[in-house]
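Notes follow the structure.
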Amino acid sequence: MLSRVAESLFWMSRYFERAENTARFLDVNFNLLLDLNKITHVENPNYWIALILVTSDKERFNSLYDEYSARTVTDYLVFNKSNPNSITSCIGLARENGRSIIESISSEMWEQVNNLYHYLQSVTPQFVHTDPYGFYKEIKNASHLFQGITDNTFSHNEGWDFIQIAKYLERTDNIARLIDVKYHMLLSEAQNQTEIVAGSEDIIQWMAVLKSCSALEAFRKVYLSKIDPDNILRFLILDRTFPRSINFSVCAAEDALWRISGSSRHRYVNNADRLIGKLEAELSYTAIEDIYAKGLHHYLEDLEQRLVKVGEQVHLTYFAYHTPEIEPVDIEEALPFTGVAGGRAYWSQAQQHQQQQQQ
Amino acid sequence: MSRFFERYEPETRQFFDEVISHDGTPRAHYDKMLQRFRQFSLDDIKARREIVNIFFRNQGITFTVYGEDEGVERLFPFDLIPRVVPAQEWETIEKGLIQRITALNAFLNDIYHDQKILKDKIIPAELILGSQHFRREFVGVNPPLGIYIHVTGSDIIRDRHGNYLVLEDNLRTPSGVSYMLQNRQAMKRAFPVLFDKYKIRPIENYPQELLRTLQEIGPSSRREPNVVVLTPGIYNSAYFEHSFLARQMGVELTEGKDLVVNNNKVYTRTTRGLELVDVIYRRVDDAYIDPLVFRPDSKLGVAGLVNAYRKGNVTLANAIGCGVADDKVIYSFVPKIIKYYLGEDPILENVPTWLASNPDDLKYILANLGSLVVKAANESGGYGMLIGPESTIEEQEKFAEMIVANPRNYIAQPTISLSRHPSFFNDTELWGCHIDLRPYVLYGKNITIVPGGLTRVALKRGSLVVNSSQGGGSKDTWVVDE
Chain A
-12 MLSRVAESLF WMSRYFERAE NTARFLDVNF NLLLDLNKIT HVENPNYWIA
38 LILVTSDKER FNSLYDEYSA RTVTDYLVFN KSNPNSITSC IGLARENGRS
88 IIESISSEMW EQVNNLYHYL QSVTPQFVHT DPYGFYKEIK NASHLFQGIT
138 DNTFSHNEGW DFIQIAKYLE RTDNIARLID VKYHMLLSEA QNQTEIVAGS
188 EDIIQWMAVL KSCSALEAFR KVYLSKIDPD NILRFLILDR TFPRSINFSV
238 CAAEDALWRI SGSSRHRYVN NADRLIGKLE AELSYTAIED IYAKGLHHYL
288 EDLEQRLVKV GEQVHLTYFA YHTPEIEPVD IEEALPFTGV AGGRAYWSQA
338 QQHQQQQQQ
Chain B
11 MSRFFERYEP ETRQFFDEVI SHDGTPRAHY DKMLQRFRQF SLDDIKARRE
61 IVNIFFRNQG ITFTVYGEDE GVERLFPFDL IPRVVPAQEW ETIEKGLIQR
111 ITALNAFLND IYHDQKILKD KIIPAELILG SQHFRREFVG VNPPLGIYIH
161 VTGSDIIRDR HGNYLVLEDN LRTPSGVSYM LQNRQAMKRA FPVLFDKYKI
211 RPIENYPQEL LRTLQEIGPS SRREPNVVVL TPGIYNSAYF EHSFLARQMG
261 VELTEGKDLV VNNNKVYTRT TRGLELVDVI YRRVDDAYID PLVFRPDSKL
311 GVAGLVNAYR KGNVTLANAI GCGVADDKVI YSFVPKIIKY YLGEDPILEN
361 VPTWLASNPD DLKYILANLG SLVVKAANES GGYGMLIGPE STIEEQEKFA
411 EMIVANPRNY IAQPTISLSR HPSFFNDTEL WGCHIDLRPY VLYGKNITIV
461 PGGLTRVALK RGSLVVNSSQ GGGSKDTWVV DE
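Protein chains in written order, with the numbering used here: chain A, -12 to 346; chain B, 11 to 492.
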């Protein structure tokens, strides 16, 4: 498979998953505020700052808006074209990647990404504010449909595995960030209130986190109604069967990576396989106490860093120019990976212009 | 039941109409079609239009218009009434094209080797050596089988009397063949009964023929050549066609950055390392193909590709430097070129052409701007053109200045009233629209032309410009045996 095709499959999938997760972040926040407005002051910008903090986008946001509110944060995360991670940008980039490999993907996949793109072009901010629930559901369902179509119309070979790697790396990263939103909320409340209160507000917030991962029902089947932070973190980080848990997603990414390279347990072929295997093994033997011992926030931050490293190695192993004579680059000196806003699907003005000029 | 054709006004005094002859009766090869259309109501036509639109949209058959804010993707306008070309007319076109392409290839071979035609003063040497498409880097290079122009698409028109004339030779990988193939698919879906009434020669084998041609021109040392398509990328207006052809041939679609040259060999970058490439069907212009040789600012090319080509390790289709032979000035010499290399008279005539570089012609052109069509020698796609009868005095003055400033760059031709073909307007009434024909010629060990081609139609009332960028559309083209 051409490296470029593999890379475009990877980024198409990754951007799609990112759009879905952003929709989930926003959806949960709206729900949260609805739940909380009886007991607390929901105009509090802290609820919206958290969303910007977890996307590591504070500076860009501040250069565009002067307040944190439902309106500005929604605009930034849904519509803003200068935010490469807004839902509109992500779907635009997913579509662009898909278009550049239209001969490689199934026409049904193309239709789905194209449909969502055109839907987003037609949506107004007013519509989102009137019916946030409906809008975010549309995005989530479109993403699920895309995955279902992909599973059922696209050969499960190397290309499909790149789609899976991208999807699960992105999802892992996003679950970690979502849990971190909660952390930031607690933190900002702590600053205001000088101490963390695990009251009913807290439970409502944790339930919202579960809901945003579509995990509330699955969680209850395991832990009944014992909604306490320990159990929730156990479930979202360490559960091996729920498809929106970190452990599950890391396992799935590992499976896909190993299928491509032929790696197996105890025998890895490249650094991407080694790093993902190491992460998976550690998760398998981690207890929630280990996470607390490290500090939840630090644990999550570290996890995100390691995911970036895996992404770098996937890039170096499969997408970057390489010849068999060149030894794999030492992992610590690997090229900086553009991370959240990175990826292909970027054609400079000059490139676009030249492409148009050809007869 | 609707009487589309009864209400149709062919205006045969002014134009050659493809369907209705000068005495007002339908031409024999359109009888069955007219019968069939008589059975259709307006709603039948609407239903068929819907089938066709859905087909095109689902296939993603769009082209991109530039100059607006964003490149907007549009459906390529398609006319439901097919054009019928009787077999004996097609034989003439086919023979004429084979003759013409053979001669043009011999011309290129000569220009890039001994330049006999220049030494014999058939063509002024400065016209060739001064052409911006002449690539002196390729003098002496021997492409496999001596073939330069593997894929061509000459534009053919019919004059007032129905004679087929060549308007333009497109020797630099012309586009549109995917529309030809898709138009046929759409017609089969929308008009299965009508389709059955004619013995239509099939065109569906074009991708296989193209692949066979490309395999035949591979470097001689290897048995099963690895063929790839090279596209400028998704912003190119013909990107759909590039991906379509790659998919139909079952070969990789590559961009410049997918290819790498090592030790004068070309490879694709794959997830499993490098894979050798033998033949590149390139849809990137010469000037952009290798930043080391041509434009250094090219972001679409492959560094080192030209040297790999010169070493014979990879074949480019079409060869580099073909533009020197499809220049509008050289066009006027094609009858002489055919005579010189083949000793034959041209089967397909040229449109009379005046060269601004020739002082007598220049005088004539400047005196008659209001009735001539003036074209820039190196522009395509209907740009850089003055259509005399439709132009204003200011436009004519502007062109006169440009012509005098750079006579080598301009030619003029009489305004030919292209033949007309009834076409649907808003699917309610028929109107005579001007058409041309672009057959696609493949040149490997033999010359192959799939019967038919792309009939382009100027869907603006009275417009003579058939290019898709200028409001043109297309229709299916049926070469039929009796």
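Note that CB positions come from ideal geometry on N, CA and C, so glycine has one too.
Just so it is clear, the structure is predicted and the values come from calculations on it, not from any experiment.
Here A:L211 is exposed: its Cβ has fewer than 16 other Cβ atoms, across all protein chains shown, within 10 Å. The beta-carbon of A:Q292 is placed no less than 8 Å from the nearest beta-carbon of chain B.
Interface flag for B:D268 against chain A is set, since a Cβ pair is found closer than 8 Å.
Separation of the CB atoms of B:V451 and B:L107 is rounded to 6 Å, and the pair is thereby assigned contact status at 8 Å. Restricted to the region 197 to 258 of chain A, the alpha helix (DSSP H) segments that are unbroken, complete and at least 4 residues in length are 203 to 210, 216 to 220, 233 to 248, listed in chain order. In terms of Cα proximity to B:I166, the closest of B:V490, B:R471, B:V467 is B:V467. Around the beta carbon of A:R(-9), 16 or more other beta carbons lie within 10 angstroms, which makes this residue buried. Look at B:K275: its C-beta is not under 8 Å from any C-beta on chain A. In the structure shown, B:C332 adopts coil according to DSSP, grouped into three states. Among the residues facing chain A, B:S31 is not included, as its CB has no counterpart in that chain under 8 Å away.
Contiguous alpha helix (DSSP H) elements confined to the region 358 to 421 of chain B occur at 369 to 377, 403 to 415, taking only those with 4 or more residues. Non-local beta-carbon contacts of A:C200 in its own chain, meaning distances under 6 Å to residues more than five positions away in sequence, involve R231 in chain order.
The closest CA to that of A:V168, considering only A:N84, A:H340, A:T9, A:D53, is found on A:T9. Per DSSP, B:Q109 has no beta bridge partner at all. Distance between B:N273 and B:L315, taken at the CA atoms: about 11 Å. Closest option to B:L204, judged by alpha-carbon separation, among B:D89, B:R46, B:N173: B:R46.
Taking each of B:G228, B:K267, B:S342 in turn and checking the Cα distance to B:L310, the smallest one comes out for B:K267. The alpha carbon of A:Y272 has as its nearest neighbour, out of A:D226, A:N258, A:I247, the alpha carbon of A:D226. Sequence-distant partners of B:G462 (beyond 5 residues in either direction) whose C-beta falls short of 6 Å from its own C-beta, in its chain, are I213, T487, V489.
For B:S484, the enclosing beta strand (DSSP E) starts and ends at 482 to 491. Here B:L175 carries a strand assignment [DSSP, helix/strand/coil]. With respect to chain B, the C-beta atom of A:Y272 has no partner C-beta closer than 8 Å. Per the DSSP secondary-structure output, B:I445 pairs in a beta bridge with B:V467. B:D54 sits in a helix when the DSSP states are folded into three classes.
By the 16-neighbour rule on beta-carbons within 10 angstroms, A:N128 is exposed. Interface criterion not met: the Cβ of A:L103 is under 8 Å from no Cβ in chain B. Put simply, the CB of A:Q339 is near chain B, with a gap under 8 Å to one of its CB atoms. Listed in chain order, the non-local C-beta contacts of B:D491 below 6 Å within the same chain comprise A97, K209, local neighbours out to five positions each way being set aside.
Residue contact with chain A for B:Y245: present (Cβ-Cβ distance below 8 Å to some residue of chain A). Taking the CA atoms as reference points, B:F25 sits about 33 Å from B:G333. Taking 8 Å as the threshold, the shortest C-beta distance from B:L310 to chain A falls below it.
The beta-carbon of B:A256 is placed less than 8 Å from the nearest beta-carbon of chain A. Taking 8 Å as the upper bound on Cβ-Cβ separation, chain A lies near no residue of the region 443 to 465 of chain B.
Among the residues facing chain A, B:E251 is not included, as its CB has no counterpart in that chain under 8 Å away. At a cut-off of 8 Å between beta-carbon atoms, B:D336 makes no contact with chain A.
Close to chain A, meaning a Cβ-Cβ distance shorter than 8 Å, is no residue of the region 156 to 170 of chain B at all.
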